[in-house]
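Trainee: Those protein sequences? They're chains A and B, same order as listed. When we follow full-length UniProt numbering, the leftmost residue of the first sequence carries the number 1, and every step to the right adds one. When we follow full-length UniProt numbering, the leftmost residue of the second sequence carries the number 1, and every step to the right adds one.
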Amino acid sequence: MLKKVTASILSLALGTTILAGCGGNEGGGAEDGKVTLELFSNKAESIDTYKGIIAEFEEQNPDIKIKLDAPPEAETVLKTRLTKNDLPDIMSIGGNATYGELGRAGVLHDFTDSELLKSIQPSYVDMIGRLVGTEEEGVFGLPYATNANTVIYNKQKFEELGLEVPKTWDEFIAILDKAKAAGEIPIYFTLKDAWTGMISWNSLGANIAGEDFAEKKTAGDTTFVKSYDEVADKMLTLTEYGHKDNMGVAYGDGNNAFASGKGVMYIQGNWAIPEIVKASPDIELGTFAMPVTNDPAQNKLVSGVDVLLTMSEETDHKEEAMKFIEFMMNKDTSKRYIDEQKAFSAIEEVFQEDPVFEGIKTNFETGAITSFPDHYYPAGMGAENLVQEFLIEKKKEPFLKKLDSEWEKVQNR
Amino acid sequence: MKKKNSVYMLIAIPAFILFFIFHTYPTLQGIFYSFTDWKGYGDWSFVGIKNYLNVFKDERALDAYGFTFKFAIISTILVNIFSLLVAMGLNGKIKFQKTLRAIYFLPYILSILIVGFIFNFIFTHFLPGIGESLGIEFLSKNILGDPKLAWLGIVLVAVWQSVAFNTILYLAGLVTISEDIYEAASIDGAGVWTKFWKITFPLIAPFFTINMVLAMKGFLMVFDQIVALTGGGPGKSTESISLLIYRGGFEGGEFAYQSANAVIYFIVIVVISIIQLKFLEKREVEN
Numbered sequence: 001m002l003k004k005v006t007a008s009i010l011s012l013a014l015g016t017t018i019l020a021g022c023g024g025n026e027g028g029g030a031e032d033g034k035v036t037l038e039l040f041s042n043k044a045e046s047i048d049t050y051k052g053i054i055a056e057f058e059e060q061n062p063d064i065k066i067k068l069d070a071p072p073e074a075e076t077v078l079k080t081r082l083t084k085n086d087l088p089d090i091m092s093i094g095g096n097a098t099y100g101e102l103g104r105a106g107v108l109h110d111f112t113d114s115e116l117l118k119s120i121q122p123s124y125v126d127m128i129g130r131l132v133g134t135e136e137e138g139v140f141g142l143p144y145a146t147n148a149n150t151v152i153y154n155k156q157k158f159e160e161l162g163l164e165v166p167k168t169w170d171e172f173i174a175i176l177d178k179a180k181a182a183g184e185i186p187i188y189f190t191l192k193d194a195w196t197g198m199i200s201w202n203s204l205g206a207n208i209a210g211e212d213f214a215e216k217k218t219a220g221d222t223t224f225v226k227s228y229d230e231v232a233d234k235m236l237t238l239t240e241y242g243h244k245d246n247m248g249v250a251y252g253d254g255n256n257a258f259a260s261g262k263g264v265m266y267i268q269g270n271w272a273i274p275e276i277v278k279a280s281p282d283i284e285l286g287t288f289a290m291p292v293t294n295d296p297a298q299n300k301l302v303s304g305v306d307v308l309l310t311m312s313e314e315t316d317h318k319e320e321a322m323k324f325i326e327f328m329m330n331k332d333t334s335k336r337y338i339d340e341q342k343a344f345s346a347i348e349e350v351f352q353e354d355p356v357f358e359g360i361k362t363n364f365e366t367g368a369i370t371s372f373p374d375h376y377y378p379a380g381m382g383a384e385n386l387v388q389e390f391l392i393e394k395k396k397e398p399f400l401k402k403l404d405s406e407w408e409k410v411q412n413r
Numbered sequence: 001m002k003k004k005n006s007v008y009m010l011i012a013i014p015a016f017i018l019f020f021i022f023h024t025y026p027t028l029q030g031i032f033y034s035f036t037d038w039k040g041y042g043d044w045s046f047v048g049i050k051n052y053l054n055v056f057k058d059e060r061a062l063d064a065y066g067f068t069f070k071f072a073i074i075s076t077i078l079v080n081i082f083s084l085l086v087a088m089g090l091n092g093k094i095k096f097q098k099t100l101r102a103i104y105f106l107p108y109i110l111s112i113l114i115v116g117f118i119f120n121f122i123f124t125h126f127l128p129g130i131g132e133s134l135g136i137e138f139l140s141k142n143i144l145g146d147p148k149l150a151w152l153g154i155v156l157v158a159v160w161q162s163v164a165f166n167t168i169l170y171l172a173g174l175v176t177i178s179e180d181i182y183e184a185a186s187i188d189g190a191g192v193w194t195k196f197w198k199i200t201f202p203l204i205a206p207f208f209t210i211n212m213v214l215a216m217k218g219f220l221m222v223f224d225q226i227v228a229l230t231g232g233g234p235g236k237s238t239e240s241i242s243l244l245i246y247r248g249g250f251e252g253g254e255f256a257y258q259s260a261n262a263v264i265y266f267i268v269i270v271v272i273s274i275i276q277l278k279f280l281e282k283r284e285v286e287n
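1. Under three-state DSSP, which class holds B/L277?
2. What first and last residue would you give for the alpha helix (DSSP H) that runs through A/K323?
3. Give the C-beta separation of A/V350 and A/M381 to the nearest angstrom, bearing in mind that I take them to be a contact with Cβ-Cβ under 8 Å.
4. Express the C-alpha separation of A/N256 and B/F123 in angstroms, rounding to a whole number.
5. Identify which residue in A/N294, A/P274, A/A206 has its Cα closest to the Cα of A/V356.
6. Check whether the Cβ of B/D224 lies closer than 8 Å to any Cβ atom in chain A.
7. Looking only at its chain, what residues have a beta carbon closer than 7 Å to the beta carbon of A/A321, apart from the 5 residues adjacent to it on each side?
8. For the candidate residues B/W197, B/I269, B/E59, whose alpha-carbon lies nearest to that of B/M221?
9. For B/A64 and chain A, any beta-carbon pair shorter than 8 Å?
10. Using three-state DSSP, classify A/G183 as helix, strand or coil.
11. How about A/E115 and A/K157: are their beta carbons less than 8 Å apart?
12. Between A/A206 and A/P373, is the Cβ-Cβ spacing less than 8 Å?
13. Any residues in the stretch 63 to 75 of chain A with a beta carbon nearer than 7 Å to a beta carbon of chain B? Which ones, in chain order?
14. Any C-beta of chain B sitting closer than 8 Å to the C-beta of A/A279?
15. B/P147 touches chain A at which residues, Cβ-Cβ below 7 Å?
16. Quick check: is the beta carbon of A/E176 nearer than 8 Å to any beta carbon in chain B?
17. When Cβ atoms are compared, which residues of the stretch 392 to 408 of chain A fall closer than 9 Å to chain E?
18. Starting from A/A194, find everything on chain B with Cβ-Cβ shorter than 9 Å and list it in chain order.
19. With DSSP as the reference, identify every bridge partner of A/A145, one or two as the case may be.
20. For the 8 Å Cβ check, are there 3 or more pairs between the stretch 192 to 207 of chain A and the stretch 233 to 240 of chain A?
21. Run through DSSP, which three-state label would A/A30 get?
22. What number of angstroms, rounded off, separates the C-alpha of B/N91 from the C-alpha of B/W197?
23. Can you find the residues in the same chain that come closer than 6 Å, C-beta to C-beta, to B/L127, ignoring five residues on each side of it along the sequence?
24. Does A/Q411 get closer than 8 Å to chain B when you measure Cβ to Cβ?
25. So, helix, strand or coil for A/D229, using DSSP?
26. Taking the alpha-carbon positions, what's the B/V157 to B/I143 distance?
27. Could you tell me whether the Cβ of B/K282 comes closer than 8 Å to any Cβ of chain A?
28. With C-beta atoms as the reference, is B/I275 less than 8 Å away from B/T68?
29. Among B/F266, B/Q258, B/T200, whose alpha-carbon lies nearest the alpha-carbon of B/G218?
30. From this set, A/K79, A/K84, A/K67, which residue's C-alpha is nearest B/P26's C-alpha?
31. So for A/F213, helix, strand or coil by DSSP?
32. So the candidates are A/Y228, A/G220, A/I53; which of them puts its Cα closest to the Cα of A/A209?
33. Does the CB of B/F67 have a neighbour CB from chain A at under 8 Å?
34. Taking C-alpha atoms, which residue in B/F35, B/G252, B/I17, B/I204 lies nearest to residue 301 of chain B?
35. Please name the residue, chosen from A/E73, A/T76, A/T146, that lies closest to A/F344 on a Cα-to-Cα basis.
36. Less than 8 Å separating the beta-carbons of A/H317 and A/V35?
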């Protein structure tokens with residue numbers, strides 16, 4: 001009896017080891033002399049671009065194979081994999097709170113001594129450095145592509161309505177009124193997806209509450225109630241210029257609607273442009289930074305690190321992974337990436353020349369740029385759903401207090 | 001006898017081991033981590049019951065409890081009414097009975113996520129179009145974008161999908177009732193209502209119990225439908241507890257805190273299921 005039990009347990013254990021063996025090989029297997037690397041990307045928009053770049057790389061390096069993995073809810077997937085100690089070899093992720101956590105967890109390669117770092121604009125290296133904080137020394141990612149939080153506008157409609165790109169908040173409101181009076185939808189909102197509300201929120205927050213809000217808030221020097229009052233008011237003002245189902249349209253549907261000529265302006269990042277153009281190839285678009293205050297010199301463009309490249313400290317194939325990152329960072333590939341993705345490059349002397357970005361070009365040239373405030377909020381507070389709720393209920397005071405209490409609550413855990 | 005025993009053991013032990021490895025062990029791990037400040041990775045230390053105390057002070061968790069219970073109770077009632085009706089219809093002497101049974105079972109085979117995405121499309125594109133052309137104000141907007149109505153959309157999808165499974169259980173119960181009893185009742189002059197309340201309903205009581213418990217438990221853990229339809233929005237109006245635990249635990253780096261939340265929720269579900277069983281079984285015995 002006992003023997004039988006032992007035998008069955010043994011056979012089961014054997015079975016599991018065999019299974020485990022299979023799983024292990026999949027990750028960084030070296031079948032037929034080829035090294036397979038996993039490239040993890042958090043952007044569904046860039047899948048085709050990456051496929052093209054990978055094909056070119058594999059042609060030049062026949063002994064390296066790159067497997068692209070760009071799952072939905074990528075950041076959650078990445079964190080889950082971190083829990084399992086199973087990080088992908090190469091990661092192409094956003095410069096946000098998740099990167100900060102990974103950096104602090106000490107699982108990413110430190111690029112401090114890398115030659116590649118010298119070719120990157122230092123302001124972006126600083127930006128991601130602040131995400132990691134001071135507890136951990138080092139540069140754990142290479143900023144690659146950057147983005148811009150813009151107001152996208154339909155050029156044809158601007159001409160028809162006789163509108164000019166606004167320089168101040170009052171001018172901005174004036175053109176919104178004019179568009180509304182003409183029976184157009186001034187701003188096409190897609191607030192069913194909570195994160196799309198953060199585009200306006202970030203432009204307003206960065207310019208009104210200041211770049212160092214998160215640091216001050218953590219130190220106890222300021223609160224949302226004190227610094228975000230005007231932000232909340234202006235958020236509500238903007239939603240008055242939406243369409244009748246602001247809360248019912250999601251991002252994907254919004255891109256199609258805007259492409260088909262609904263709405264004069266669309267508050268979105270540069271990443272939405274390829275999607276809009278895909279839906280309507282003939283559309284003529286322009287962009288400008290939302291003028292948040294009435295002093296044009298104060299109005300900065302919110303830009304962040306959209307993609308940074310990094311690799312796992314634990315990977316068995318550091319050399320090969322480095323080779324791919326070097327290939328990505330060379331000027332030709334970076335140019336190709338930003339052209340296809342309508343993004344901006346973090347690499348020196350690689351410029352985005354698409355006429356769509358005429359309106360924000362000067363911001364990049366003069367450095368009138370500030371970072372995304374919400375990237376520095378504690379991740380657990382779920383700010384986007386709170387903002388979405390506020391836009392529905394429109395109760396400013398309780399909302400700002402709630403932001404403060406959620407922030408503190410998450411920090412105390 | 002001894003030989004028979006060892007056969008049972010051979011069947012039971014592998015199942016037990018698998019269940020333990022993939023179910024019991026992670027549960028114990030979760031309970032363990034709920035007493036720490038683990039973020040899901042890296043270093044951690046014990047913090048005692050701090051996480052538990054914080055859950056009780058967490059308004060967001062309380063809101064999620066409110067929504068989940070409202071959703072689960074209403075959906076459970078609706079599912080049981082509809083599936084009992086459908087089951088009685090399918091049990092009657094109708095044409096294409098087998099084909100119809102198969103068709104009514106289809107929604108259960110489909111993945112909840114896919115059903116959710118399809119309904120999402122219907123709510124966003126079809127219904128507002130119909131509402132607009134008929135001039136019905138509340139239909140002309142996407143109901144998923146309205147915090148007061150979004151939960152109804154989720155109830156609709158959840159009920160539509162789970163009626164299939166409960167119907168099968170009720171059908172299984174209905175076929176156990178002998179035709180003779182109905183014939184006897186007819187001779188005594190019982191109408192349709194009397195037959196239902198005095199014969200059908202009491203005789204399928206055990207199936208009613210299991211359906212209530214299973215449906216309630218399933219709806220309390222609602223997750224997929226919400227991910228596919230609203231993502232917890234608008235605002236936090238459709239944030240269920242499972243979604244909150246998942247979001248906070250994996251996206252927000254609050255693994256330990258949400259583990260505590262999960263442990264509490266586990267206890268709540270167990271208690272509710274036991275109360276339901278006790279209460280409904282008592283009813284079975286009385287009949």
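Positions of the beta carbon are idealized from the N, C-alpha and C atoms, including for glycine.
Mentor: In this structure, then:
1. Secondary structure of B/L277 (DSSP, three-state): helix.
2. Residues 318 to 329.
3. About 35 Å separates the beta carbons of A/V350 and A/M381, which is beyond the 8 Å limit, so they are not a contact pair.
4. C-alpha of B/F123 to C-alpha of A/N256: approximately 17 Å in a straight line.
5. If we check each option's Cα against that of A/V356, A/P274 comes out closest.
6. Chain A contact via Cβ: absent.
7. Closer than 7 Å at Cβ, skipping near neighbours: L37, D89, I90, M311, T315.
8. Residue B/I269 is the option with its Cα nearest to B/M221.
9. No, no contact with chain A.
10. In this structure, A/G183 counts as coil in the three-state DSSP scheme.
11. Taking 8 Å as the Cβ cut-off, A/E115 and A/K157 do not qualify as a contacting pair.
12. Contact flag set, yes.
13. Here the close residues are E75.
14. No, A/A279 does not count as interfacial toward chain B.
15. Within chain A, the residues near B/P147 are I392.
16. Per the sequence shown, residue 176 of chain A should be read as Leu rather than Glu. A/L176 is outside the set of residues whose beta carbon lies under 8 Å from a beta carbon in chain B.
17. The displayed structure is made up of protein chains A and B, and chain E is not among them.
18. Within chain B, G231, G232, G233, P234, G235 have C-beta atoms less than 9 Å from the C-beta of A/A194, given in sequence order.
19. Looking at the DSSP output, A/A145 sits in a beta bridge with A/V307, A/S345.
20. Touching, yes, given that three or more Cβ pairs across the two stretches are closer than 8 Å.
21. Interpretation of A/A30 is limited by its pLDDT of 47, a score under 50 that renders its predicted location unreliable; no figure is taken from the coordinates.
22. B/N91 and B/W197: Cα-Cα distance of roughly 17 Å.
23. Close CB contacts of B/L127 within its chain, under the 6 Å cut and outside five residues either way in sequence, are with L139 (chain order).
24. It does not: the Cβ of A/Q411 has no partner Cβ on chain B nearer than 8 Å.
25. The DSSP-derived three-state label of A/D229 is helix.
26. Distance between the alpha carbons of B/V157 and B/I143: 13 Å.
27. So, not an interface residue.
28. One thing to note: B/I275 has its Cβ no nearer than 8 Å to the Cβ of B/T68.
29. In terms of Cα proximity to B/G218, the closest of B/F266, B/Q258, B/T200 is B/F266.
30. The shortest C-alpha to C-alpha distance from B/P26 to any of A/K79, A/K84, A/K67 is the one to A/K84.
31. In this structure, DSSP gives A/F213 a helical state, which the three-state scheme calls helix.
32. Looking at the Cα atoms, A/Y228 is the closest of the given residues.
33. At a cut-off of 8 Å, the C-beta of B/F67 has no neighbouring C-beta in chain A.
34. Because residue 301 of chain B is not part of the residues shown, which for chain B are 1 to 287, the question remains open.
35. Closest by alpha carbon: A/T146.
36. The criterion of a C-beta distance shorter than 8 Å is satisfied by A/H317 and A/V35.
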